[in-house]
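*Asks:*
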Amino acid sequence: MSQKEVIVTRLAERQPVNLFGERLSVLANSEQTGGMEVFFQEGSEGSGPPPHAHPWEEAFYVLSGKMTIVFPDLQQELELNPGDFVHIPADTFHGFQMTTETRLLSVTPRHGASGMFRDIAREFETEQVDMGRVLEAATPYGTRLHPLALSALMS
Numbered sequence: 000m001s002q003k004e005v006i007v008t009r010l011a012e013r014q015p016v017n018l019f020g021e022r023l024s025v026l027a028n029s030e031q032t033g034g035m036e037v038f039f040q041e042g043s044e045g046s047g048p049p050p051h052a053h054p055w056e057e058a059f060y061v062l063s064g065k066m067t068i069v070f071p072d073l074q075q076e077l078e079l080n081p082g083d084f085v086h087i088p089a090d091t092f093h094g095f096q097m098t099t100e101t102r103l104l105s106v107t108p109r110h111g112a113s114g115m116f117r118d119i120a121r122e123f124e125t126e127q128v129d130m131g132r133v134l135e136a137a138t139p140y141g142t143r144l145h146p147l148a149l150s151a152l153m154s
């Protein structure tokens, strides 16, 4: 697809997947844009992934609600409110939890995230989520869990 084509994703066309208690919809993937990927995410209090890192940078813009992002290696925690924006460099360990019903946009500048989300979502279709299998699905994309999240998984 030419990068000069207009991309429109209608609300009725979204096909959200469930990940870590949140619903995620791909608004545009790298095949459509020639690179960047854009996602709409929404979740209730407590939803969100454990601390992890991946080889692409990521940006979040909070539309409504509140979320907390943790950076375990930086010993930093940020609370984000509506209108707040954060950019996370590639390979930076981070995790987040929505502290209220939250809606946000996320953007990555290259391919990878949409495929990983699709593959991980298959594991969340089962009644009992096996985090080991979630990790196996994420590993081919260069995503890894923070050692603290891994040790919690093993206990």
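FYI, numbering that gives the first Met the number 0 numbers position 79 of the sequence shown as 78, with every residue one higher than the one before it.
Backbone N, C-alpha and C define an ideal beta-carbon position, used for all residues, glycine too.
Source: prediction; values computed, not measured.
(1) Can you check which of these residues, F95, Q40 and T125, is closest to L79 by C-alpha distance?
(2) Here's the rule: buried if 16 or more other CB atoms are within 10 angstroms of the residue's CB, otherwise exposed. What is E100?
(3) Would DSSP call E44 helix, strand or coil?
(4) As a quick exercise: from L149, G111, M97 and E12, pick the residue whose alpha carbon is nearest that of G33.
(5) Based on Cα-Cα distance, which residue from E126, G82 and F116 lies nearest to N28?
(6) Please report how far the alpha carbon of Q40 lies from the alpha carbon of R9, in whole angstroms.
(7) Applying the criterion that 16 or more other CB atoms from any shown protein chain within 10 Å of the CB defines a buried residue, is I87 buried or exposed?
(8) Mind reading off the beta-carbon distance from V37 to F59? Whole number of angstroms is fine, and I expect it under 8 angstroms.
(9) Quick check: T98 and E56, are their CB atoms within less than 8 angstroms of each other?
(10) Measure the alpha-carbon distance for L149 versus I6 and round it to whole angstroms.
(11) Where does E135 land, buried or exposed, given buried means 16+ other C-beta within 10 angstroms?
(12) On the CB-based measure, 16 or more other CB atoms within 10 Å of its CB, does T125 come out buried or exposed?
(13) Could you tell me which whole alpha helix (DSSP H) segments of length 4 or greater appear in the region 1-29?
*Replies:* According to the structure shown:
(1) F95
(2) exposed
(3) coil
(4) G111
(5) Its Cα nearest to that of N28, the residue F116 stands out among E126, G82 and F116.
(6) Within the model, the alpha-carbon separation for Q40 versus R9 is close to 15 angstroms.
(7) With 16 or more other Cβ atoms inside 10 Å of its own Cβ, I87 counts as buried.
(8) Between F59 and V37 the Cβ distance is about 12 angstroms, and since that is not below 8 angstroms, they are no contact.
(9) With respect to E56, T98 sits apart: the two C-beta atoms are not nearer than 8 angstroms.
(10) 38 angstroms
(11) exposed
(12) exposed
(13) none
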